[in-house]
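In the working numbering, the protein residues as written are 496 to 854.
So the structure is just underneath, and the comments pick up after that.
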Amino acid sequence: MIVLMMAVILTCFGVVMVYSASSVMAAKKFHDGFFFLKRQSLYALIGFIGMGVAMHVDYHVWKKWAVPLFLGTFFLLLLVFVPGIGGTAKGASRWIRLPGFNFQPSELAKVALIMYMAYSLEKRQEKLKQFMSGFFPYMLILGVFIAVLLAQHDMGAALTMLVVAIVMLFAAGTKVQYILGMGLVALPGICYLVFTKAYRMRRITAFLDPWQDPTDAGFQIIQSWLALGTGGFFGQGLGEGKQKLFYLPEAHTDFILSVLGEEMGFIGVIVIASMFLLLVQRSIRVAISAEDSFGRFLAFGIASLIGLEAFINMSVVTGLLPTKGIALPFLSYGGSSLIISLCAVGVLLNVSTRMRGTP
Numbered sequence: 496m497i498v499l500m501m502a503v504i505l506t507c508f509g510v511v512m513v514y515s516a517s518s519v520m521a522a523k524k525f526h527d528g529f530f531f532l533k534r535q536s537l538y539a540l541i542g543f544i545g546m547g548v549a550m551h552v553d554y555h556v557w558k559k560w561a562v563p564l565f566l567g568t569f570f571l572l573l574l575v576f577v578p579g580i581g582g583t584a585k586g587a588s589r590w591i592r593l594p595g596f597n598f599q600p601s602e603l604a605k606v607a608l609i610m611y612m613a614y615s616l617e618k619r620q621e622k623l624k625q626f627m628s629g630f631f632p633y634m635l636i637l638g639v640f641i642a643v644l645l646a647q648h649d650m651g652a653a654l655t656m657l658v659v660a661i662v663m664l665f666a667a668g669t670k671v672q673y674i675l676g677m678g679l680v681a682l683p684g685i686c687y688l689v690f691t692k693a694y695r696m697r698r699i700t701a702f703l704d705p706w707q708d709p710t711d712a713g714f715q716i717i718q719s720w721l722a723l724g725t726g727g728f729f730g731q732g733l734g735e736g737k738q739k740l741f742y743l744p745e746a747h748t749d750f751i752l753s754v755l756g757e758e759m760g761f762i763g764v765i766v767i768a769s770m771f772l773l774l775v776q777r778s779i780r781v782a783i784s785a786e787d788s789f790g791r792f793l794a795f796g797i798a799s800l801i802g803l804e805a806f807i808n809m810s811v812v813t814g815l816l817p818t819k820g821i822a823l824p825f826l827s828y829g830g831s832s833l834i835i836s837l838c839a840v841g842v843l844l845n846v847s848t849r850m851r852g853t854p
């Protein structure tokens with residue numbers, strides 16, 4: 496099964512790259528070079544168990560849980576603002592503190608949104624041709640979620656959820672003019688959000704010309720380019736990268752592809768990108784061949800989420816998009832992203848058991 500193989504290979508390779516990218520920093524900060532390796536390995540194990548369970552749970556069960564899960568994740572998103580429960584880092588409030596682990600509810604919210612929309616779109620697909628009774632209610636619901644995410648300073652998750660929802664609505668038959676009209680209406684609001692926050696403006700200016708501020712706003716992308724450029728075609732060799740040695744910020748999380756590019760070269764980056772492309776292509780094939788509308792929307796939403804996050808992360812690392820805090824699925828360090836991504840793949844694999852052919 497190609498989907499399963501790609502998810503497993505990417506995750507296992509991600510564990511190796513997390514160790515390569517973090518060992519020196521972990522040794523200095525925690526006096527244990529294996530600190531992040533041990534945690535990422537545990538997250539991968541939990542994720543594989545979750546994926547195995549999800550593979551064997553009839554995906555129709557998620558119809559019953561779609562609304563409670565959706566409302567529950569909204570409650571979790573609000574919990575991050577509660578003192579003593581929510582965790583804050585670098586000005587962003589995105590985490591719920593648990594013993595030995597920080598949970599990021601926005602990662603669960605992305606999958607909960609997909610399940611809710613798959614459930615709702617199956618029931619209301621015939622109404623999507625109408626604006627007020629079909630398209631507009633989804634925009635209201637999305638608006639509430641996005642407002643909460645923006646209050647957490649998590650514009651990356653907000654935009655991801657918005658794009659995935661729009662893609663699902665388009666696939667379900669929503670009129671293009673509704674989507675374009677919504678985009679035009681939302682454009683002034685997006686501009687306002689960008690231009691009224693200094694840190695967002697710095698990201699835009701750094702994206703346009705990182706050399707204007709090479710020691711602050713442009714530092715991260717410049718170090719990423721140096722890592723990718725140093726790697727050349729074949730790379731410096733696994734573990735031999737230099738930019739991860741306190742030059743490249745977030746080397747084991749959002750910018751792990753930069754470390755991979757330096758150590759494995761252009762060839763390594765192309766292999767990883769091709770694996771994501773194959774994973775998404777096969778996932779879309781699952782969606783097309785699913786036995787019912789709920790399965791089609793569910794599989795298509797998961798495929799869109801994985802593909803979009805991989806595309807955004809790779810674009811940020813290479814300087815094609817402004818810096819956003821979006822992890823590279825399966826590879827970046829982080830328990831919430833890895834565990835939930837693997838569980839989502841498990842749901843996708845269950846959908847595939849009810850289609851002709853092998854994903």
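Glycine included, C-beta positions come from ideal geometry on N, C-alpha and C.
Pull the bridge partners of residue i from the DSSP assignment, please.
i	result
residue 706	According to DSSP, which records beta bridges pairwise, residue 706 is partnered with nothing at all.
residue 581	591
Which value, in whole angstroms, describes the spacing of the CA atoms of residue i and residue j?
i	j	result
residue 517	residue 820	18 Å
residue 837	residue 506	9 Å
residue 741	residue 697	22 Å
residue 537	residue 748	16 Å
residue 853	residue 783	For residue 853, the predicted structure reports a pLDDT of 45, less than 50, and the residue's modelled location is therefore unreliable. A value from the coordinates is still provided. Answer to the nearest angstrom: the Cα atoms are 13 Å apart.
residue 642	residue 840	28 Å
residue 746	residue 797	26 Å
residue 504	residue 565	30 Å
residue 644	residue 725	37 Å
residue 512	residue 532	9 Å
residue 775	residue 801	7 Å
residue 769	residue 658	22 Å
residue 833	residue 550	16 Å
residue 799	residue 772	11 Å
residue 594	residue 527	20 Å
residue 764	residue 789	34 Å
residue 709	residue 809	21 Å
residue 722	residue 499	30 Å
residue 553	residue 848	9 Å
residue 758	residue 631	48 Å
residue 561	residue 635	18 Å
residue 845	residue 693	45 Å
residue 502	residue 825	7 Å
residue 612	residue 781	18 Å
residue 856	residue 814	For residue 856 there is no data in the structure shown, the boundaries of the chain being 496 and 854.
residue 686	residue 679	11 Å
residue 573	residue 639	11 Å
residue 762	residue 731	12 Å
residue 729	residue 666	40 Å
residue 670	residue 619	14 Å
Taking DSSP as the reference, what is the three-state secondary structure of residue i?
i	result
residue 790	helix
residue 852	For residue 852, the predicted structure reports a pLDDT of 48, less than 50, and the residue's modelled location is therefore unreliable. The matter cannot be settled from this model.
residue 753	helix
residue 828	coil
residue 742	coil
residue 817	coil
residue 731	coil
residue 642	helix
residue 771	helix
residue 625	coil
residue 748	coil
residue 809	helix
residue 761	helix
residue 736	coil
residue 647	coil
residue 823	coil
residue 496	coil
residue 508	helix
residue 576	coil
residue 613	helix
residue 785	coil
Do residue i and residue j have their C-beta atoms within less than 9 Å of each other?
i	j	result
residue 651	residue 544	no
residue 633	residue 664	yes
residue 751	residue 827	yes
residue 557	residue 496	no
residue 591	residue 606	no
residue 695	residue 703	no
With a threshold of 9 Å between beta-carbons, can residue i be considered close to chain C, or not?
i	result
residue 519	No chain C is present in this structure, which holds just one protein chain.
As an exercise, report each continuous alpha helix (DSSP H) stretch of at least 4 residues that is fully enclosed by the region 584-610, in chain order. none
Can you list the alpha helix (DSSP H) stretches of 4 or more residues lying completely in the region 651-717, in chain order? 671-690 and 693-703
Can you check the region 510-569 for any alpha helix (DSSP H) of at least 4 residues that lies completely inside it and give the ranges in chain order? 530-550
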